[in-house]
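Number of protein chains: 2
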Amino acid sequence: MMDARTTQAPSALHIGEIARRSGRSVHTIRWYEMQGLMPGVVRDRGRRRVYSDYHIGWLDLMERLRLTGMSIRQLREYTTLVKQGSASLPKRRALLAAHQLRVHAMIAKWTEALTLVDAKVEFYDEWMAGAAGQRFRRNSGRAPGAR
Amino acid sequence: MMDARTTQAPSALHIGEIARRSGRSVHTIRWYEMQGLMPGVVRDRGRRRVYSDYHIGWLDLMERLRLTGMSIRQLREYTTLVKQGSASLPKRRALLAAHQLRVHAMIAKWTEALTLVDAKVEFYDEWMAGAAGQRFRRNSGRAPGAR
DNA sequence: GAACAAGCTGGAGCACACTCTAGGTCAAGC
DNA sequence: GCTTGACCTAGAGTGTGCTCCAGCTTGTTC
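Structure, rendered in structure tokens:
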């Protein structure tokens, strides 16, 4: 696995602390673990989860991937690969690279979708500038683009 | 069937036709109407919904707004404004302009989130190029960003 | 006028990603 | 050794956005 440290030295965080630092709720972090998205979580004698700084960085990565539209299912796949160790590096790279492509495509799509919205805002500006209400038309003939 | 006209002027579409043209399901279009997202839908003698070309454009707008993250609730607000006629033009403009800002902010966020993913892909590339496995490091020191 | 396609309504069901509750355990401080 | 607060598990509940089903009506075609 990826135990994070056996020397116990630099940081040993309980769930409340990691929740605070990562800006998530305690519930959510436990739920992430149940979904297989938290590698290398160990327990202390009292069965409490013990985290390290590593997990702060990990949750940051998860957040960025989620934010850019990666599903929990895909995050799980990625996490599974991480748990498998360095043999899975090519697969991890491929998974992230594919995600990058999807995100760039998404940005392109959004940008394109915005063009119509831009056009409508301009249309509203013109309409309002041109003394609203006159040359009012019933909406069968479809205005500049279905207003 | 798909009669397409009863000699009503420019276009009188039934729900199946508009579903086909807009790429949505009949279910979805009825659901949109129930959610208050379909202005100007009339019925024929047989209580069937009658649409026009206007609605194709309308659904295109709805799709673009949805695609860029506008919620059904906000679409409903916008639709309500449209139903109120030209008096609501300033409010409509404001609503769309606010949405534009949100979308641009989102794109910026996505782009920023991608930087970490870019860094990780590069990290994988380097690792794999450098004969995987050698110089293997326990990840306590947290690599370029919690791999 | 019978068959059949297309439409209708109301409401159930589903996938996703959390979010929270109930009821209990554990560790540390006094 | 008792209180307090953080933590535990299992599972129920929530919000969003569809998606579909059952059972019925309407319009068209032969």
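Those protein sequence lines, which keep their order, are chains A and B. If you read the first sequence in this note's numbering, its first letter stands for residue 2, the second for the next number, and so on. If you read the second sequence in this note's numbering, its first letter stands for residue 2, the second for the next number, and so on. Beta carbons: idealized from backbone N, C-alpha and C, even for Gly.
Can you grab the Cα-Cα spacing for the pair residue 126 of chain A / residue 65 of chain B, in whole Å?
20 angstroms
Can you tell me the Cα-Cα spacing of residue 74 of chain A and residue 82 of chain A, whole angstroms?
13 angstroms
Would residue 100 of chain B be called buried (16 or more neighbouring beta carbons within 10 Å of its own) or exposed?
buried
Against chain A, with Cβ distances strictly below 8 angstroms, would residue 98 of chain B count as a contact?
yes
Using a Cβ-Cβ distance under 8 angstroms, would residue 51 of chain B count as near chain A?
no
Neighbouring residues, chain A, relative to residue 129 of chain B (Cβ below 8 angstroms)
90, 91 and 94
Option in B/18, B/98, B/105 and B/119 with minimal Cα separation from residue 123 of chain A
B/98
Using 8 angstroms as the Cβ pair cut-off and three pairs as the minimum, do the segment 104-111 of chain B and the segment 103-114 of chain A touch?
yes
Are residue 38 of chain B and residue 63 of chain B close, meaning C-beta to C-beta below 8 angstroms?
yes
Under 8 angstroms, Cβ to Cβ, is there at least one residue of chain A near residue 13 of chain B?
no
Expressed to the nearest angstrom, what Euclidean distance is found between the alpha-carbon atoms of residue 56 of chain A and residue 104 of chain A?
24 angstroms
Selection from B/53, B/119 and B/76 that minimises the alpha carbon distance to residue 13 of chain B:
B/53
Beta-carbon proximity of residue 96 of chain B to residue 78 of chain B, cut-off 8 angstroms
yes
Can you tell me the Cα-Cα spacing of residue 69 of chain B and residue 47 of chain B, whole angstroms?
37 angstroms
Between residue 73 of chain A and chain B, is the shortest Cβ-Cβ distance under 8 angstroms, so that the two count as touching?
no
When DSSP builds the beta bridges, which residues end up paired with residue 14 of chain B?
B/52
Starting from the Cα of residue 32 of chain B, find the closest Cα among B/114, B/130, B/44 and B/16 and give me that residue.
B/16
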